[in-house]
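Heads up, the thing below is written out as structure tokens.
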Amino acid sequence: RAYTYKYRAQDTILVTGLGETEFTSDLIVWSGNLTSEAQNVATGYAEIEKSKAKVQQYLREKGLPDEAVVFAFVNVEKQYDPVYNANGNWAGQRFTGYRLSQRFTVESSEVEKVETISREISSLIAQGVSIEAYAPDYYYTKLDDVKMGLIETASADARMRAEKIARNAGT
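Taking the numbering used here, the leading residue of the sequence shown gets 4, the next gets one more, and so forth.
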């Protein structure tokens, strides 16, 4: 009985359907990093704050609201250089200062505007801003709406494929 049950469905096939669509991103998330190197934390922090103000002003001038930008905490790292003795052997390390960094993230539905800003923000380097800008990430927020249509299209395609296979098989 188990043998018959296991192989009973030999006259069935499994068909996969295809559903595809094109859509345009409606959300962009872009981030960057402000950095400063200084001999003491207070000086480095003041530089980060100046850079932050310049970035905020630049983004406002480009038409982005303040709510679209989030600045993370300021990270502080001690920096060291290796020290070697006269024989070239490592003898320890020497403190050289601090490196401070602050990440910022822009999230907006104005995809083209933020994309342009992400390419042009390096102009702030001329104003003394030490900035690293990363490639934006693009999202589509209405994916659930698209999924149902894709499932419907894929199901219809699977049915059409199954019927064609059945016709060609002579059943």
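Using N, Cα and C, we set each Cβ at its ideal position, and we do this for glycine too.
The structure displayed is predicted, hence computed values, not measured ones.
Quick one: measure Cβ to Cβ for residue 38 and residue 133, integer angstroms, because I've assumed they're closer than 8 Å.
-> Going by Cβ atoms, the distance from residue 38 to residue 133 rounds to 5 Å, so yes, they are a contact pair.
Measure the alpha-carbon distance for residue 86 versus residue 45 and round it to whole angstroms.
-> Cα to Cα, residue 86 sits roughly 26 Å from residue 45.
Output the distance between the C-alpha atoms of residue 4 and residue 165, rounded to the nearest integer angstrom.
-> Because the pLDDT of residue 4 is 47, which lies under 50, any placement of that residue in the model is unreliable, and the number read from its coordinates should be weighed accordingly. In a straight line, the C-alpha of residue 4 is about 29 Å away from that of residue 165.
Indicate whether the contact test is met: 3 or more Cβ pairs, each with one atom in the region 90-99 and one in the region 18-34, closer than 8 Å.
-> Between the region 90-99 and the region 18-34 there are fewer than three C-beta pairs closer than 8 Å, too few to call the two in contact.
For residue 64, the nearest candidate out of 117, 136, 77 and 94 (CA to CA) = Answer by Cα proximity: 117.
C-alpha gap between residue 19 and residue 144, whole angstroms | Cα to Cα, the separation comes out at about 27 Å.
State the DSSP-derived secondary structure class of residue 138, mapped to helix, strand or coil.
-> The three-state reading of DSSP puts residue 138 in coil, since its state is none of H, G, I, E or B.
Could you check what DSSP says for residue 4 in three-state terms: helix, strand or coil?
-> Here the model assigns residue 4 a pLDDT of 47, short of 50, so the residue's position is not dependable and the matter cannot be decided.
Which residues in the same chain have their Cβ closer than 7 Å to the Cβ of residue 57, if we skip the five residues on either side of it in sequence?
-> So the qualifying residues of the chain are 127, 130 and 132.
What number of angstroms, rounded off, separates the C-alpha of residue 168 from the C-alpha of residue 154?
-> Distance between the alpha carbons of residue 168 and residue 154 is about 21 Å.
Close beta carbons around residue 171, own chain, < 7 Å, minus the five adjacent residues each side = Hits under 7 Å: none found.
Residue 109, buried or exposed, once every other Cβ within 10 Å from all chains shown has been counted against 16 | Result: buried.
Tell whether a beta-carbon distance below 8 Å holds between residue 107 and residue 73.
-> A contact, by the Cβ cut-off of 8 Å.
Boundaries of the alpha helix (DSSP H) in which residue 168 is found, first to last residue | Its alpha helix (DSSP H) spans residues 146-172.
Give me the Cα-Cα distance between residue 162 and residue 17, rounded to the nearest whole angstrom.
-> Distance between the alpha carbons of residue 162 and residue 17: 11 Å.
Specify, as a first and last residue, the run of the beta strand (DSSP E) that residue 32 falls within.
-> Counting along the chain, the beta strand (DSSP E) containing residue 32 begins and ends at 30-41.
Could you name each continuous beta strand (DSSP E) segment of 3 residues or more that falls completely within the region 65-123, going from the start of the chain to the end?
-> Counting only runs of 3+ residues, the beta strand (DSSP E) found wholly inside the region 65-123 occupies 72-87 and 93-111, in chain order.
Relative to the C-alpha of residue 69, which residue among 140, 95, 90 and 111 is closest?
-> The shortest C-alpha to C-alpha distance from residue 69 to any of 140, 95, 90 and 111 is the one to 111.
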